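Trainee: For the sequence shown, the UniProt record's numbering gives the first residue as 1, with consecutive numbering after it.
Idealized CB from N, CA, C, for every residue including glycine.
What you are looking at is a predicted structure, and each value in this text was computed from that prediction instead of being measured.
Here it is, the structure in full.
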Amino acid sequence: MNDMDKIRRFKCEVIAPSLIPQKPGDRVKTDKRDAINLAKLYRAGELTPIYVPTEDDEALRDLVRAREDVKEDGLRAKHRLTKFLLRNEIKPPRGTKKWTVKYWDWLDKLTFKRSASRVVFQEYLQQLKEFQQRLNVLEKEIEEQA
Numbered sequence: 001m002n003d004m005d006k007i008r009r010f011k012c013e014v015i016a017p018s019l020i021p022q023k024p025g026d027r028v029k030t031d032k033r034d035a036i037n038l039a040k041l042y043r044a045g046e047l048t049p050i051y052v053p054t055e056d057d058e059a060l061r062d063l064v065r066a067r068e069d070v071k072e073d074g075l076r077a078k079h080r081l082t083k084f085l086l087r088n089e090i091k092p093p094r095g096t097k098k099w100t101v102k103y104w105d106w107l108d109k110l111t112f113k114r115s116a117s118r119v120v121f122q123e124y125l126q127q128l129k130e131f132q133q134r135l136n137v138l139e140k141e142i143e144e145q146a
């Protein structure tokens, strides 16, 4: 019998230290006193167990964190691109709202006189498209997992 099998035979609840009631002025801390105090509080029903996430829960949390990271990176990429356009005094046609299909079509048709500007623009635009693709992949995976 391995250690995990032994542990599974016992009911085990995790209590957050911040949720353990304490008497004011009780500063003497020993393992024995803490154990007795915890046993009394538990028997009285004064301890609130917390949920311990499973490995699947943690994996899903990581997926959601990755999605948030990509969203933040995508927002930064949008800002870089719009600031680049602003520095080059390029404005979208009137009535075109940012990040709509019409706006993306306009971005795809932009041309530049200087090759350096064209390369920078293409780099920013490609980064933005990659972030959008990554976001779509992560959101699809989250949808499947949830």
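Rounded to a whole number of angstroms, what is the C-alpha to C-alpha distance between Q132 and I20?
Mentor: Distance between the alpha carbons of Q132 and I20 is about 45 Å.
Trainee: Assign V14 to one of three DSSP states: helix, strand, or coil.
Mentor: Correct three-state label for V14: strand.
Trainee: Tell me the DSSP secondary structure of I20 in three-state form.
Mentor: Looking at I20 - three-state DSSP - the assignment turns out to be coil, as it is neither helix nor strand.
Trainee: At which residues does the alpha helix (DSSP H) containing E89 begin and terminate?
Mentor: Segment: none, E89 is in no alpha helix (DSSP H) and carries neither H nor E.
Trainee: Could you give the first and the last residue of the continuous alpha helix (DSSP H) run that contains E130?
Mentor: Where E130 is concerned, the enclosing alpha helix (DSSP H) stretches over 115-145.
Trainee: Check for me: the alpha helix (DSSP H) holding D31 runs from which residue to which?
Mentor: That run of the alpha helix (DSSP H) goes 31-43.
Trainee: What does DSSP give as the partner residue(s) for P49 in the beta ladder?
Mentor: Note: P49 sits in a beta bridge opposite I15.
Trainee: Just to confirm before moving on: does the CB-CB distance between R77 and Y42 stay below 8 Å?
Mentor: Reading off the sequence, residue 77 comes out as Ala, not Arg. Not a contact, by the Cβ cut-off of 8 Å.
Trainee: In angstroms with no decimal places, state the Cα-to-Cα distance between A16 and D69.
Mentor: Spanning the two alpha carbons is a distance of roughly 28 Å.
Trainee: I'd like the list of long-range same chain contacts for V52, defined as Cβ closer than 8 Å, with 5 residues on each side in sequence excluded.
Mentor: Closer than 8 Å at Cβ, skipping near neighbours: V14.
Trainee: Give the straight-line distance between the Cα atoms of K32 and L38, rounded to the nearest whole angstrom.
Mentor: If I take the Cα positions, the gap works out to 10 Å.
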